[in-house]
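Taken in order, these protein sequences are the chains called A and B. Counting in our numbering, the first sequence runs from 474 upward without gaps. Counting in our numbering, the second sequence runs from 9 upward without gaps. A short worksheet on the structure shown next.
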Amino acid sequence: MKSWIARNKLLSFAIGFVALQVLLAVFAPVVSPHDPFVQTMVQRMKGPNLTYWLGTDQLGRDVFARILYGYRTSLMTCVLAVGLALVVGGTLGMLAAYYRGWFDRIVMRFMDVLFAFPILLLAIGVIAVLGPNVWSAAIAIAIVYTPIFARLLRGPALVITESEYVTGARAIGASAGRIIFMHLLPNLASVILVQASLLLSAAILVEASLSFLGLGAQPPTPSLGLMLSEGRNFLLLSPWPAVFAGFAILFLSFGFNLLGDALRDALDPRLRATT
Amino acid sequence: MRVQFLLSRLVDLVVVLFGVSVIVFLMIRMIPGDAVAIMLGANTEVTPDRIAELERRLGLDLPIWQQYLNWTGGVLQGNFGTSIWTGRPVLDEITAQIWPTIELTILSIIVGAGLAIPIGCFMAEARGKGAEVAVRIGAIAGLTIPSFWLGIVAIFAVAKLFPQFTTLGYVPFFQDPLGNLQRMILPVIALSLPMLANLSRLVRSAMLDALSQDYIRTAKAKGAGRRRIVYRHALRNALIPFITSVGVSAGYLLGGAIVIEQVFAIPGLGRLVLGAINERNYPLVQATILVITSVFVIVNFIVDILYAVIDPRVARS
Numbered sequence: 474m475k476s477w478i479a480r481n482k483l484l485s486f487a488i489g490f491v492a493l494q495v496l497l498a499v500f501a502p503v504v505s506p507h508d509p510f511v512q513t514m515v516q517r518m519k520g521p522n523l524t525y526w527l528g529t530d531q532l533g534r535d536v537f538a539r540i541l542y543g544y545r546t547s548l549m550t551c552v553l554a555v556g557l558a559l560v561v562g563g564t565l566g567m568l569a570a571y572y573r574g575w576f577d578r579i580v581m582r583f584m585d586v587l588f589a590f591p592i593l594l595l596a597i598g599v600i601a602v603l604g605p606n607v608w609s610a611a612i613a614i615a616i617v618y619t620p621i622f623a624r625l626l627r628g629p630a631l632v633i634t635e636s637e638y639v640t641g642a643r644a645i646g647a648s649a650g651r652i653i654f655m656h657l658l659p660n661l662a663s664v665i666l667v668q669a670s671l672l673l674s675a676a677i678l679v680e681a682s683l684s685f686l687g688l689g690a691q692p693p694t695p696s697l698g699l700m701l702s703e704g705r706n707f708l709l710l711s712p713w714p715a716v717f718a719g720f721a722i723l724f725l726s727f728g729f730n731l732l733g734d735a736l737r738d739a740l741d742p743r744l745r746a747t748t
Numbered sequence: 009m010r011v012q013f014l015l016s017r018l019v020d021l022v023v024v025l026f027g028v029s030v031i032v033f034l035m036i037r038m039i040p041g042d043a044v045a046i047m048l049g050a051n052t053e054v055t056p057d058r059i060a061e062l063e064r065r066l067g068l069d070l071p072i073w074q075q076y077l078n079w080t081g082g083v084l085q086g087n088f089g090t091s092i093w094t095g096r097p098v099l100d101e102i103t104a105q106i107w108p109t110i111e112l113t114i115l116s117i118i119v120g121a122g123l124a125i126p127i128g129c130f131m132a133e134a135r136g137k138g139a140e141v142a143v144r145i146g147a148i149a150g151l152t153i154p155s156f157w158l159g160i161v162a163i164f165a166v167a168k169l170f171p172q173f174t175t176l177g178y179v180p181f182f183q184d185p186l187g188n189l190q191r192m193i194l195p196v197i198a199l200s201l202p203m204l205a206n207l208s209r210l211v212r213s214a215m216l217d218a219l220s221q222d223y224i225r226t227a228k229a230k231g232a233g234r235r236r237i238v239y240r241h242a243l244r245n246a247l248i249p250f251i252t253s254v255g256v257s258a259g260y261l262l263g264g265a266i267v268i269e270q271v272f273a274i275p276g277l278g279r280l281v282l283g284a285i286n287e288r289n290y291p292l293v294q295a296t297i298l299v300i301t302s303v304f305v306i307v308n309f310i311v312d313i314l315y316a317v318i319d320p321r322v323a324r325s
């Protein structure tokens, strides 16, 4: 019992930590002390001070403001990407489990093929086709994560379609759509929630990598990955933009990972007994 | 039974490689802005006649399935096409730059997998103690730390503290072994850290699982020492899922290497593919993605087979 409360403490900390960062991103225009695009040439590459809390970059823009807006870019891209992957991949996985047979085989084979590519490499390939920008990055990440959701949901969905209440629902003539949305989906909610949180954590790193390589958000869009690649060129003159942008990526990714971990412990009754 | 298992895995391998080749082939067909005009624009003025002529020469006027067959036929004979800008076979450009990437990946696997075993065993044994909780939080941090950021910070720190220490660039191992290893230290640390974090968490849970089995109780009852129980009885069984994960991590490392090469100015496949995208050198992009993915798929096939050799239960099910 004691450890169960301890875990919920961890869960509430994770929720708070993620919520704080999401709120900062959503209310960036209100919270931000400066405009992220305004360049003040006389204030270039300053360290943290009272006017510019986290200093300024090589063009004299406020690093704190650019990090807040960078959070927005990062979260919008990744939430869109993971959401898309969940809808497409999850639906395919559940349909495959429901219909079985040749449909299942073809869909899951296709997922195996997508899964065979190294993640970043497939994303780079997709961006080579679509051209480098925020939307391509979101679509690339969505494509990379689609097979993960399909595989994740197919397994448990197979078990549930075998259960007596689904057989019962079929017997009284429930449609495929009704069974999938009313019976499969609610039972898979906890699996989805945990995995979405963990994948968001990973997606933030992938998005940052892509922007760092110049394949995601393009200047002057405020983006954490771009801040790192730009800051790298001025590292010895002023390490602040690169250092703070890195911490921002770390905190965002860490928050979602912790949240996913804590959710899994809290939602899985079997783990409660063992750990 | 064994033969049947091997055959079914071989069929899987062929199907996946076929699918990968179709996707890589179609990827380049979907590029907006006619690739032919781009290829032509590299050397001469673009006119409709010249486009038609070049399309005929490249076989782009054929039906798409025939184009695919021609292309795969070439690939199977080692002909991956020619680089648009240099006119050299792309395979030559790839083999010229593949070694730094391979060295970086192999060293990172050795470091990441090698350290994960003792760290994971420690976490399993000391479960719940203060030091273990700290290592566990460290493992999540290691998983979520942007490795390229870690690389940048490391370059900065070394430049400030040891200005005479070279951290950037690459020299071939056989030309200057010490210089090669010196330049590899930071990239390998940056690249292997997330893998180390991931694998040590995996070893931890596999060890916890193994330590709760009946045979451990039997070993304890026989009076076997702690060291013998952990390393001889539990670890052997815990290593089985570990081996599969090392194979999967190879793909992560090949992707991560692209970013790390960029950070440390290492002229490997990552630089090659990024440069090719910027120059719209599509045959080169296509071939690099195909080669890296095929290597990854084949490595995982071998791991699967090894897995079945180590744990005969896998082949039977």
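Quick reminder that beta carbons are idealized off the backbone N, C-alpha and C, glycines included. From a predicted model like this one, the values you see are computed outputs, not experimental measurements.
*Ends of the alpha helix (DSSP H) at LYS519 (chain A)?*
Sequence index remark: in the first sequence, residue 519 (chain A) carries index 46 (1-based). Note, LYS519 (chain A): premise wrong, no alpha helix (DSSP H); not H, not E.
*How close, in whole Å, do the beta carbons of ALA198 (chain B) and ILE268 (chain B) come, if the pair is a contact with beta carbons under 8 Å?*
Position 190 of the second sequence, counted from the first residue, corresponds to residue 198 (chain B). Position 260 of the second sequence, counted from the first residue, corresponds to residue 268 (chain B). At roughly 6 Å, the Cβ-Cβ gap stays under 8 Å, so ALA198 (chain B) and ILE268 (chain B) are in contact.
*Rounded to whole angstroms, how far is the Cβ of LEU553 (chain A) from the Cβ of PHE717 (chain A), which I believe are closer than 8 Å?*
Here residue 553 (chain A) refers to the residue found at position 80 of the first sequence. Here residue 717 (chain A) refers to the residue found at position 244 of the first sequence. The beta carbons of LEU553 (chain A) and PHE717 (chain A) sit about 25 Å from each other, so the pair does not count as a contact at 8 Å.
_Beta bridge counterpart(s) of ASP350 (chain B) as assigned by DSSP_ = Residue 350 (chain B) lies beyond the stretch modelled for chain B, which goes from 9 to 325, so this question has no answer here.
*Within this structure, are the beta carbons of GLY263 (chain B) and PRO591 (chain A) separated by less than 8 Å?*
Stepping through the second sequence from its first residue, residue 263 (chain B) is reached at position 255. Stepping through the first sequence from its first residue, residue 591 (chain A) is reached at position 118. Yes. Within cutoff.
_Helix, strand or coil, according to DSSP, for THR748 (chain A) in the structure here?_
Mapped onto the first sequence, residue 748 (chain A) falls at position 275. Model confidence at THR748 (chain A) stands at a pLDDT of 41, short of 50, so the residue's coordinates are unreliable; what they give is reported in the following sentence. In the three-state reduction of the DSSP assignment, THR748 (chain A) falls in the coil class, being assigned neither a helical nor a strand state.
*Taking MET131 (chain B) as the query, report the chain A residues whose CB atoms sit under 8 Å from its CB, ordered along the chain.*
For this step, residue 131 (chain B) is matched to residue 123 along the second sequence. Correct list: empty, because the minimum Cβ distance to chain A is about 12 Å.
*By the criterion of Cβ-Cβ separation under 7 Å, what are the contact partners of ASN730 (chain A) in chain B?*
Walking along the first sequence from the start, residue 730 (chain A) turns up at place 257. Ordered by position in chain B, the residues that pass the 7 Å Cβ test against ASN730 (chain A) are ILE148, LEU151 and THR152.
*Could you name the residues of the same chain whose beta carbon sits closer than 6 Å to that of ALA501 (chain A), not counting the 5 residues immediately before and after it, in chain order?*
On the first sequence, position 28 is the one that residue 501 (chain A) refers to. Residues LEU541, TYR542 and ARG545 of the same chain have their beta carbon placed closer than 6 Å to that of ALA501 (chain A), with the five preceding and five following residues left out of the count.
*Look at VAL667 (chain A) and LEU736 (chain A) and say whether their C-beta atoms are less than 8 Å apart.*
Within the first sequence, residue 667 (chain A) is the residue found at index 194, counting from 1. Within the first sequence, residue 736 (chain A) is the residue found at index 263, counting from 1. Going by C-beta atoms, VAL667 (chain A) is nearer than 8 Å to LEU736 (chain A).
_Tell me which residues share the same chain as SER674 (chain A) and place their Cβ nearer than 7 Å to its Cβ, disregarding the 5 neighbours each side in the sequence._
Counting from one through the first sequence, the residue named residue 674 (chain A) turns up at place 201. SER726, PHE729, ASN730 and GLY733, listed in sequence order.
*Report all residues from its chain with a CB closer than 7 Å to the CB of GLY86 (chain B); omit the five preceding and five following residues, and keep chain order.*
Counting from one through the second sequence, the residue named residue 86 (chain B) turns up at place 78. The answer, listed in chain order, is LEU99.
*From B:TYR315, B:LEU14, B:ASP57 and B:PRO275, pick the residue whose C-alpha is nearest to that of ARG244 (chain B); which is it?*
Within the second sequence, numbered from 1, the residue matching residue 244 (chain B) stands at position 236. Closest option to ARG244 (chain B), Cα to Cα, is B:TYR315.
*Neighbourhood of VAL307 (chain B) by C-beta, 7 Å cutoff - its chain only, sequence neighbours within 5 removed*: Numbered from 1 along the second sequence, position 299 holds the residue referred to as residue 307 (chain B). GLY255 and ALA258.
*Collapsed DSSP secondary structure at ASP184 (chain B) in the structure displayed*: Here the question's residue 184 (chain B) lines up with position 176 in the second sequence. Residue state, collapsed to three classes: coil.
*Please compile the residues from chain B whose C-beta is within a distance smaller than 7 Å of the C-beta of PHE685 (chain A).*
Position 212 of the first sequence, counting from 1, holds the residue named residue 685 (chain A). By Cβ distance, chain B contributes PHE156 and VAL267.
*Give me the Cα-Cα distance between VAL499 (chain A) and PHE720 (chain A), rounded to the nearest whole angstrom.*
Indexing the first sequence from 1 puts residue 499 (chain A) at position 26. Indexing the first sequence from 1 puts residue 720 (chain A) at position 247. Each residue's Cα considered, the two are about 19 Å apart.
*Between ARG627 (chain A) and the rest of its own chain, which residues show a CB-CB distance below 6 Å, the 5 nearest in sequence each way excluded?*
Mapped onto the first sequence, residue 627 (chain A) falls at position 154. So the qualifying residues of the chain are GLY566, ALA569 and ALA570.
*Mark ASP508 (chain A) as exposed unless 16 or more other C-beta atoms lie within 10 angstroms of its C-beta, in which case mark it buried.*
Counted from its first residue, the first sequence places residue 508 (chain A) at position 35. Classification of ASP508 (chain A): exposed, given that the 10 Å Cβ count is below 16.
*Assign ILE114 (chain B) to one of two classes, buried (16 or more other C-beta atoms within 10 Å of its C-beta) or exposed (fewer than that).*
As a working note, residue 114 (chain B) is residue 106 in the second sequence. ILE114 (chain B) is exposed by the Cβ-count criterion.
*asked:* Which residues in chain A have a C-beta closer than 8 Å to the C-beta of ALA205 (chain B)? List them in chain order.
replied: Within the second sequence, numbered from 1, the residue matching residue 205 (chain B) stands at position 197. Neighbours of ALA205 (chain B) on chain A: none; closest Cβ ~10 Å, over 8 Å.
_Contact residues within the segment 591 to 607 of chain A, judged by C-beta distance below 7 Å to chain B_ = PRO591, ILE592, LEU593, LEU594, ILE597, GLY598, ALA601 and VAL602
*Using a C-beta cutoff of 8 Å, does VAL491 (chain A) count as contacting chain B?*
Reading the first sequence from its first residue, position 18 is the one you call residue 491 (chain A). For VAL491 (chain A), the answer is no, since every Cβ of chain B falls outside 8 Å of its Cβ.
_Reference SER547 (chain A); option with closest CA among A:GLN494, A:VAL511 and A:VAL617_ = Here the question's residue 547 (chain A) lines up with position 74 in the first sequence. Per the Cα distances, A:GLN494.
*Give a yes or no on whether the minimum CB-CB distance between SER505 (chain A) and chain B is below 8 Å.*
Counted from its first residue, the first sequence places residue 505 (chain A) at position 32. No, no contact with chain B.
*Can you tell which of B:PRO97, B:LEU34, B:TRP93 and B:ILE106 has the C-alpha that lies nearest to the C-alpha of GLN75 (chain B)?*
Your numbering for residue 75 (chain B) matches position 67 in the second sequence. Per the Cα distances, B:LEU34.
*From the beta carbon of MET35 (chain B), is the nearest beta carbon of chain A less than 8 Å away?*
The sequence position of residue 35 (chain B) within the second sequence is 27, counting from 1. At least one C-beta of chain A is nearer than 8 Å to the C-beta of MET35 (chain B).
*What are the boundary residues of the alpha helix (DSSP H) that includes TRP157 (chain B)?*
Looking up residue 157 (chain B) in the second sequence gives position 149. Start and end: 155 to 169.
_Within the segment 221 to 249 of chain B, ranges of the alpha helix (DSSP H) (whole runs, at least 4 residues)_ = Fully enclosed alpha helix (DSSP H) runs of 4 or longer: 222 to 229.
_Quick check: the Cα distance between ALA746 (chain A) and SER220 (chain B), rounded to an integer number of angstroms?_
The sequence position of residue 746 (chain A) within the first sequence is 273, counting from 1. The sequence position of residue 220 (chain B) within the second sequence is 212, counting from 1. Because the pLDDT at ALA746 (chain A) is just 45, under 50, the model does not fix this residue reliably, and the value given afterwards should be weighed accordingly. If you take the alpha carbons of ALA746 (chain A) and SER220 (chain B), they lie about 14 Å apart.
*Counting along the chain, where does the alpha helix (DSSP H) carrying GLU635 (chain A) start and finish?*
Position 162 of the first sequence, counting from 1, holds the residue named residue 635 (chain A). Premise fails: GLU635 (chain A) is in no alpha helix (DSSP H) and is neither H nor E.
*How should GLY128 (chain B) be labelled, buried or exposed, when 16 other C-beta atoms within 10 angstroms of its C-beta is the threshold for buried?*
Locating residue 128 (chain B) in the second sequence gives position 120, counting from the first residue. When all chains shown are included, GLY128 (chain B) counts as buried.
*Reference GLY563 (chain A), options A:PHE724, A:GLY704, A:ILE653 and A:ILE722, closest by Cα*: Stepping through the first sequence from its first residue, residue 563 (chain A) is reached at position 90. The shortest Cα separation from GLY563 (chain A) among A:PHE724, A:GLY704, A:ILE653 and A:ILE722 belongs to A:ILE653.
*asked:* Quick check: is the beta carbon of MET474 (chain A) nearer than 8 Å to any beta carbon in chain B?
replied: As a working mapping, residue 474 (chain A) is identified with position 1 in the first sequence. Because MET474 (chain A) carries a pLDDT of 47, less than 50, the predicted location of this residue cannot be relied on, and the following value inherits that uncertainty. Not one chain B Cβ lies under 8 Å of MET474 (chain A).
*Report the rounded CA-to-CA distance for ALA596 (chain A) versus TYR260 (chain B), giving the unit in angstroms.*
In the first sequence, counting from the first residue as 1, residue 596 (chain A) sits at position 123. In the second sequence, counting from the first residue as 1, residue 260 (chain B) sits at position 252. Approximately 12 Å, taken between the alpha carbons.
*Just how far apart, CA to CA, sit ARG234 (chain B) and GLU111 (chain B)?*
The residue given as residue 234 (chain B) occupies position 226 in the second sequence. The residue given as residue 111 (chain B) occupies position 103 in the second sequence. Using only the alpha carbons, I get a separation of about 37 Å.
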